[in-house]
Every structure is written in structure tokens, then in C-alpha cells.
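In this text, residue positions in the sequence shown follow our numbering: the first is 1, and each later residue adds one.
Notes for the one structure printed next.
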Amino acid sequence: MAQEVLVETDGSVGIVTIDRPQALNALSLRVMEDVTAALGGFDLNPAIHAMVLAGSPRAFAAGADIADMKSISGAPAADKALAHHLSHWDAIGLLKKPVIAAVSGFALGGGCELAMACDMIVASETSFFGQPEVLIGVMAGAGGTQRLTKIVGKALSMEMHLTGRRLTAREALALGVVNRVVPIESYLSEAKKLAHQIAAQPPLAVQAAKASVRHALDSSLSEGLLFERQSFFRLFDTQDQKEGMKAFFEKRKPIWTGQ
Ligand code: HXC
Numbered sequence: 001m002a003q004e005v006l007v008e009t010d011g012s013v014g015i016v017t018i019d020r021p022q023a024l025n026a027l028s029l030r031v032m033e034d035v036t037a038a039l040g041g042f043d044l045n046p047a048i049h050a051m052v053l054a055g056s057p058r059a060f061a062a063g064a065d066i067a068d069m070k071s072i073s074g075a076p077a078a079d080k081a082l083a084h085h086l087s088h089w090d091a092i093g094l095l096k097k098p099v100i101a102a103v104s105g106f107a108l109g110g111g112c113e114l115a116m117a118c119d120m121i122v123a124s125e126t127s128f129f130g131q132p133e134v135l136i137g138v139m140a141g142a143g144g145t146q147r148l149t150k151i152v153g154k155a156l157s158m159e160m161h162l163t164g165r166r167l168t169a170r171e172a173l174a175l176g177v178v179n180r181v182v183p184i185e186s187y188l189s190e191a192k193k194l195a196h197q198i199a200a201q202p203p204l205a206v207q208a209a210k211a212s213v214r215h216a217l218d219s220s221l222s223e224g225l226l227f228e229r230q231s232f233f234r235l236f237d238t239q240d241q242k243e244g245m246k247a248f249f250e251k252r253k254p255i256w257t258g259q
């Protein structure tokens, strides 16, 4: 069977590309297993400091694979079949290193949820974001009702989930769903550029900041502030903190060791 997930590195950036054009990158179990295995491998690889997850110019991903789901009948069967599949979206949310989604074309259903499970999104002008599951008789199941609502608020999230309304790239930018919108020719290079910019920073500080920002989405303000404070203090045990502050006064660029 042909490879449907491509894995490469560009310096200290790991790049994973979903390549299933005949089904608009529909996220089958196999695709999601390969995506999480590749990203998980980069997360453990000390030479990699940031990652990019991309699809194709026509589709980031048009959702979970409907062919996999159409014959499931009954909640117990659904629970058994889908719980494992859904755990792959959860796994992406748990990665320690930053992941940038490079989105172009359709980011629908599980595809929209996959992009939102990443840390940042660079979108092409042709991107669409939506949760159209209601149109096929179900609802979002890989985090969409939660993540989208936290980003765009209740009113619009309701409309999107209850009618299948899609956001254009420009709307997604105005609402804070994506970090930037660029011409289709450059969405991938812009995503890589952002990943390289992050990869050049001290890795322990980057990972601590990522964990702390993610914590904000999941906790009360007081609990989040405590988490942030503890992470901040721990960075004073690192050589990168010593080097960063020393280099500031020596008016030179710091040399990060990740220690
Ligand atoms: C399986 C899919 C697919 C999907 C597209 N295809 N989306 N196959 N699962 N999610 C296939 C089509 O069957 C078709 O195959 C080929 O890709 C091209 O699609 P077309 O429909 O011909 O293209 P177009 O007319 O341009 O329409 C594009 C589209 C439409 C608007 C994106 O394909 C569409 O509505 N797709 C489904 C979107 C969706 O409902 N996503 C949510 C899925 S549920 P053939 O063989 O005919 O060429 C979900 C739940 C998440 O994500 C929970 C996690 C488990």
C-alpha cells in the first residue's frame, strides 16, 4: 500500500505531510497512526525543536474517513471503534514540542480539529475551516465543540456546529483561529519559517511556555497562574537561562544548548 504520510527534516524542524489526495486527505486510522507516530518520534528526537504538519494545497484534511465510520452501528460499537481513533487527536495535543499546522484548502471535521490540536496555524488564502459533521448525521468528536468554542466563542461555534457553516481564511484570521493568512504559493514556506524561528529559541524555555499556554485553556486563572509560576522558576535551573542573560549583557547572540 502506498505511503500516505511523508516524513522529512529540514535542519531542526520535522515536517509531516498527509498525502492522500484521492480522498482529500481524509483521516483514516492508518493516516492518523502514521501522523502521530511521526510527530511523536520528532518529539523524542533531541535534534528536532519544532514541527510542521501539512496537507496538500487542495486539502489539509476533509475530515475523518467517512468510509471507516459508515458501517458502525450502535453506541458500544462506535465507542470501541472510534475511541482508539480519537486518541490520536489527543496525542497531538500532548506533544511537548511546538507543532505548526500548514493549512490550505479544506480543514473540515476531524481536519479542522487536527489543525486546532496543533499550536499554531499558518493558512493559505484558499483555506476553509468547518465542523460539518451535523450534515452527515453526527457531531464533532475529536475536540471541535471544545477547542473551537474556546477560540471563537459560543455564538459562532454553535452556528458552525449546528449548521455546518464554514469560515474563510480571512474570517479565521479575524477570529484568532489562525496565526496568519498568506498566498497559496507560500503557506508551506511560511509555516516552515515560523517553525525555524521557534527552533532557534532555547528549547526548554519554548517547551515550558508551550505547556503553560496550553494549561491556560484547561484551568482556572489561579490554577493557571500557579502552573506558570512553577514553570518559570524551573527555567532558572537551566544553562540556557544563564547563557541568555549573560549574552544579553555581553551584547551578543546566545548559544542555546537545550540544557
Ligand atoms: C472519506 C472523503 C472525505 C471524507 C472527501 N472524500 N471527504 N472520503 N472521508 N471525510 C472523498 C470523496 O468521497 C471523493 O471520493 C473525493 O474525496 C473528492 O471529494 P468530492 O466530494 O468529490 O470533492 P468536492 O466536490 O470538491 O467536495 C469537497 C468537500 C466534500 C466539500 C470537502 O468532499 C465533503 O463534504 N467531504 C466531507 C466533509 C465532512 O463531512 N467531513 C467531516 C467528516 S466526519 P471519490 O471516490 O468520489 O472521488 C469527522 C468526524 C471527526 O470528521 C471525528 C473523529 C473520528
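Note that beta-carbon positions come from the ideal geometry of N, C-alpha and C, so glycine has one too.
Computed from a predicted model, the values in this text were never measured in an experiment.
For D240, no beta strand (DSSP E) encloses it; the enclosing alpha helix (DSSP H) starts and ends at 239–249.
Within the DSSP secondary-structure output, F227 pairs in no beta bridge.
Using a 10 angstroms sphere on the CB of F232, the tally of other CB atoms stays under 16, which defines it as exposed.
Cα atoms of P76 and L173: separation of roughly 39 Å, rounded to the nearest angstrom. The shortest CA-to-CA distance from S189 to any of E250, V52, V7 is the one to V52. Restricted to the region 52–124, the alpha helix (DSSP H) segments that are unbroken, complete and at least 4 residues in length are 66–69, 75–93, 110–117, listed in chain order. Between A195 and D240, the CB-CB gap reaches or exceeds 8 Å. Within the DSSP bridge table, the entry for A50 names V13 as partners. Bounds of the beta strand (DSSP E) holding F129 are 128–130.
Your pair W256 and P183 does not check out as a contact, with CB atoms roughly 32 Å apart and the cut at 8 Å.
At a Cβ-Cβ threshold of 8 Å, L108 and D43 do not count as neighbours. At the C-beta level, A142 and F60 stay beyond 8 Å of one another. By the C-beta density criterion, V103 is buried, having at least 16 other C-beta atoms within 10 angstroms. Residue environment: A62 is assigned as buried (16 or more neighbouring CB atoms within 10 Å of its CB, all protein chains considered). For ligand 1, no non-hydrogen atom lies closer than 7 Å to the CB of E228.
Only residues of its own chain outside the window of five on either side were considered, and among them G164 have a CB closer than 6 Å to the CB of L135, listed in chain order.
Straight-line measurement puts the Cα of L217 at about 8 Å from the Cα of K150. Closer than 7 Å to some heavy atom of ligand 1: that describes the Cβ of H85. Closest by C-alpha distance to Y187, out of A54, K253, R229, is A54.
Going by C-alpha positions, M69 is about 15 Å away from G111. For R147, the enclosing alpha helix (DSSP H) covers residues 144–152.
Per DSSP, R165 lies in no beta strand (DSSP E) segment and is marked neither H nor E.
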